[in-house]
Amino acid sequence: LREACRTNAQWQHQGLPCVPVAVNVSAEQFRRTDFKMAVTDALLDSTLAPEYLELEITEAVLIHDPDAVSSSIEEIRRLGVHFSIDDFGTGYSSLSYLKDLSLSKLKIDQSFIQGVPENCDDAAIVRAIVDMARSLALRVIAEGVETQVQADFLQNIHCDQAQGYLYSRSLPADEFSQLLANERL
């Protein structure tokens with residue numbers, strides 16, 4: 125969390141385009157009583173504006189004590205930080221969380237993306253997730269996009285963003301900064 129905030133702030137100070145950085149947060153981390161303070165400290169120490177930080181939580185975070193989770197998310201959202209549900213569709217949570225929590229995005233798990241558009245069931249699930257998210261004013265990111273056919277399908281159903289090897293492999297920070305510098309994102 126600290127390193128992601130520090131690196132993103134450094135890129136911005138270098139004049140690179142301002143983009144949000146997403147950080148995966150485990151259920152254990154999220155349940156810590158000092159988690160909000162850790163987020164606040166990371167933002168203050170790095171001078172990163174909170175709107176450029178997105179915390180990704182899985183549906184597993186939502187299972188334990190939903191009221192406390194909702195309260196924690198709301199407190200951190202008040203700082204200006206965004207939240208997304210990572211690997212959406214693979215967990216055990218209720219859809220009621222989508223309306224009760226202050227979320228910004230859903231990330232569709234790559235296991236559904238791998239089969240589109242050829243697998244009718246995967247295509248139907250992805251289409252339903254995108255439609256539902258848009259109805260709830262949530263942005264949607266498809267994970268694990270590897271082919272242009274998948275990207276075209278996602279664009280046709282109005283998925284907001286995609287990530288995967290079609291665009292780039294995982295990169296060290298210095299190589300990623302070159303993509304930012306060349307505005308190739």
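Numbered according to our numbering, the sequence shown spans residues 125 to 309.
Glycine included, every Cβ here is placed at the ideal spot set by N, Cα and C.
Environment of Asn-132 [buried if 16+ CB atoms lie within 10 Å]: Stepping through the sequence shown from its first residue, residue 132 is reached at position 8. Under this definition Asn-132 is a buried residue.
First and last residue of the uninterrupted alpha helix (DSSP H) at Arg-156: If you number the sequence shown from 1, residue 156 lands on position 32. Arg-156 -> no alpha helix (DSSP H), and no H or E assigned at all.
Smallest Cα separation from Ala-118: which of Leu-222, Cys-129, Phe-300, Ala-275? The shown model of the chain, from 125 to 309, leaves out residue 118, and the question about it has no answer.
Residues bridged to Ala-232 (per DSSP): Within the sequence shown, numbered from 1, the residue matching residue 232 stands at position 108. The sequence given here places Ile at residue 232; Ala does not occur at that position. Its beta-bridge partners are Phe-212, Ala-266.
Short check: CB of Leu-167 to CB of Leu-203, under 9 angstroms? Here residue 167 refers to the residue found at position 43 of the sequence shown. Here residue 203 refers to the residue found at position 79 of the sequence shown. Here Leu-167 is near Leu-203, since their CB atoms are less than 9 angstroms apart.
Quick check on Leu-125: buried or exposed, where buried means 16 or more other Cβ atoms within 10 Å of its Cβ? As a first step, residue 125 must be located in the sequence shown, where it is residue number 1. Label assigned to Leu-125: buried.
Counted within 10 angstroms of its Cβ, other Cβ atoms place Lys-223 as buried (16 or more) or exposed: Stepping through the sequence shown from its first residue, residue 223 is reached at position 99. So Lys-223 counts as exposed.
So, are the CB atoms of Leu-177 and Gln-136 less than 9 angstroms apart? What you label residue 177 is simply residue 53 of the sequence shown in a count that begins at 1. What you label residue 136 is simply residue 12 of the sequence shown in a count that begins at 1. With a cutoff of 9 angstroms on beta-carbon distance, Leu-177 and Gln-136 are scored as not near each other.
For Leu-225, which residues from the same chain have a beta carbon less than 7 angstroms from its beta carbon, with the 5 sequence-adjacent residues on both sides left out? Against the sequence shown, residue 225 aligns to sequence position 101. Short of 7 angstroms from the beta carbon of Leu-225, and not among the five residues preceding or following it, lie these beta carbons of its own chain, in chain order: Ser-194, Ile-197.
Can you give the Cα-Cα distance for Val-250 and Arg-293, rounded to whole angstroms? As a position in the sequence shown, residue 250 is number 126, starting the count at 1. As a position in the sequence shown, residue 293 is number 169, starting the count at 1. The straight-line gap from Cα to Cα measures roughly 23 angstroms.
Can you grab the Cα-Cα spacing for the pair Phe-154 / Tyr-289, in whole Å? For the purposes of this step, residue 154 is taken as residue 30 along the sequence shown, with counting starting at 1. For the purposes of this step, residue 289 is taken as residue 165 along the sequence shown, with counting starting at 1. Distance between the alpha carbons of Phe-154 and Tyr-289: 29 angstroms.
Who pairs with Asn-148 in a beta bridge, going by DSSP? Here residue 148 corresponds to residue number 24 of the sequence shown, with the count starting at 1. In the DSSP assignment, the residues bridged to Asn-148 are Glu-180.
Tell me whether Met-286 sits in a helix, a strand or coil according to DSSP, three-state version. As a position in the sequence shown, residue 286 is number 162, starting the count at 1. Per the sequence shown, the amino acid found at residue 286 is Ala instead of Met. Of the three classes helix, strand and coil, the one that applies to Ala-286 here is strand, per DSSP.
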